[in-house]
Structures are given as C-alpha cells and as structure tokens.
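Shown next, in structure tokens, is the structure this report addresses.
In our numbering, the protein residues as written are 72 to 331.
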C-alpha cells in the first residue's frame, strides 16, 4: 500500500502501567520501547505516524528521536480515546479519513500486519478492522492474557472474516486452532468517533476488552489473518526476552518524515 496523507497511524502511550511501570520508555537495544514501535509503524509505509502521549516524557523521547508526538489529557479513559484526541488536534480540517491504532508495547510488530488491519475497512466496508493469528499452542489457548477472537471466516483459507466475539477464555471449544487477537485496529474516522461516543458496555467491563463495546453497539469488526503474533511486553520477563531478540536490530535514529 502506498503512503497516503488521508491515513494516520497513531500509537497511544502512557507511563502509568501497573504491571510494568514506565513501559514505553524502557530500554530495548539502546532505545526506548516506544521508538521501536514507531519504527515498525513507519516501515508499514502507508501514512504518517504520531504518538498520542499522556506524558511529557514520552513526547520528549519521541520528538528527540525525530518523531511526531501529541500530548493528550492523561485522564482520558482509554488508548482509543487518546487516538481520537490526537487526530482531532492534528486534523481539525478533517483531511484524515482512515486511522490505525497501534499499541505501544509491540516492538516486534510486523509492518505488513499494520497494513492488513485496514483491509476489512477499505475492501469490506467494515466499521473496524483488526488482525488475528491462528494457534493451537495450549499455553496461548489457556492464557487469559492472550485474547481470543471468535471469527466467522468467509473463505476456505480462513484468511478473512468477521469477528463475532472476543474473550480471554479458551474459545471456541472443539478441535482446531483458536484465533489469537493482535491489538491493531483500523478505523474510518467516523467509526472511531462513534466508538468513542459509546459508553462502556456490560460485556466490555466483564471481559475487560474494549472491542466488545463496538460489537454490542452493532458495529462490524472485520478480520484478516496474519502469520505471526508479535510478542507483547507486559512483564519484566517479557522485557528481557524482547531485549535478547532485538539486540541485533538497532534503530536508525533520528527518524524522518513523520509529520502529518
């Protein structure tokens, strides 16, 4: 996909993580984790990249590396609200039509997966697009930190489909893989605005999964399958694993060309 000024990739980030405090600024391979995520997003090559920062320290780290950051209200209730706040500040004239929300704790995210998150929106007319990876690994199936998507696939290759539900439980039952959900979302701007106007739903609060708010409100979430799920960084052990894997992948700093 060519770079498009009507597309904006936004990475929400805040320091107030409970399991791994100051997570976006933790060092991996000599650079803050958030900078690795910015690099992956830039490599997708589909539009400008901005970090929606809840904290001045994050914004300073990104801008010092040549990236673009927008300070957002630290009291915003979710990363998605932070994404919308950044879009509204950067683009009051509404030239941006497509927005991708990339979580800031996936420093090994495949840039092609970022591209795929928009395909259900552009090609299928869905309100939201996201990505999944099939897995039969029992550790992933039973881990509540690995979110599973229940997907109605539309082709024999199970490469494209529509999300029916998301859960932290092992589901669906029976023989076959579960679909490991990867937290990357593509939105039309009006769908992003609609989502942020909704109140948190009962299932969202029960499962602690924001995307269920959209499904309960009748919004459609389209799915594309990708090959590999990027390891998230949520614990000190995850951080050490990421440091080992990325030790040979230093970033090329400063960044360039990130201005919307």
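By construction, the Cβ of each residue, glycine as well, lies at the ideal position given by its N, Cα and C atoms.
Please read all numbers here as calculations on a predicted model, not as lab measurements.
*Leaving out five residues before and five after residue 112 in sequence, what residues of the same chain have Cβ atoms less than 7 Å from its Cβ?*
Walking along the chain shown from the start, residue 112 turns up at place 41. Here the set comprises 80, 82, 120, 173, 185.
*asked:* Just to check my reading of the structure: residue 205 and residue 248 have Cβ atoms closer than 8 Å, yes? What is that Cβ distance to the nearest angstrom?
replied: Position 134 of the chain shown, counted from the first residue, corresponds to residue 205. Position 177 of the chain shown, counted from the first residue, corresponds to residue 248. So it is a contact: roughly 4 Å between Cβ atoms.
*From what residue to what residue does the alpha helix (DSSP H) around residue 133 run?*
The residue you call residue 133 lines up with position 62 of the chain shown. Run containing residue 133: 127 to 135, per the alpha helix (DSSP H) assignment.
*Could you spell out the range, first to last residue, of the beta strand (DSSP E) harbouring residue 151?*
Within the chain shown, numbered from 1, the residue matching residue 151 stands at position 80. No beta strand (DSSP E) holds residue 151; the alpha helix (DSSP H) holding it covers 150 to 161.
*Are the segment 251 to 262 and the segment 185 to 199 touching by the rule of at least three beta carbon pairs closer than 8 Å?*
yes
*asked:* Rounded to whole angstroms, what is the Cα-Cα separation between residue 208 and residue 250?
replied: Within the chain shown, numbered from 1, the residue matching residue 208 stands at position 137. Within the chain shown, numbered from 1, the residue matching residue 250 stands at position 179. The straight-line gap from Cα to Cα measures roughly 11 Å.
*So what's residue 124 in DSSP terms, helix, strand or just coil?*
Against the chain shown, residue 124 aligns to sequence position 53. In this structure, residue 124 counts as strand in the three-state DSSP scheme.
*Residue(s) in a DSSP beta bridge with residue 172*: On the chain shown, residue 172 is found 101 positions in, with the first residue counted as 1. Paired residues: 81, 256.
*Roughly how many angstroms separate the alpha carbons of residue 281 and residue 290, rounded to a whole number?*
For the purposes of this step, residue 281 is identified with residue 210 of the chain shown, where counting begins at 1. For the purposes of this step, residue 290 is identified with residue 219 of the chain shown, where counting begins at 1. Roughly 13 Å separates the two Cα atoms.
*Spell out a yes or no on whether the segment 260 to 274 and the segment 216 to 232 are touching, meaning 3 or more CB-CB pairs, one atom from each, closer than 8 Å.*
no
*Supposed contact pair residue 190 and residue 125 - C-beta distance, whole angstroms, cut 8 Å*: Along the chain shown, read from residue 1 onward, the residue named residue 125 stands at position 54. Along the chain shown, read from residue 1 onward, the residue named residue 190 stands at position 119. Between residue 190 and residue 125 the Cβ distance is about 30 Å, and since that is not below 8 Å, they are no contact.
*Grab me the residues of residue 301's own chain with a C-beta within less than 6 Å of its C-beta, minus the 5 sequence neighbours each way, in chain order.*
If you number the chain shown from 1, residue 301 lands on position 230. Answer for residue 301: 177, 179, 180, listed in chain order.
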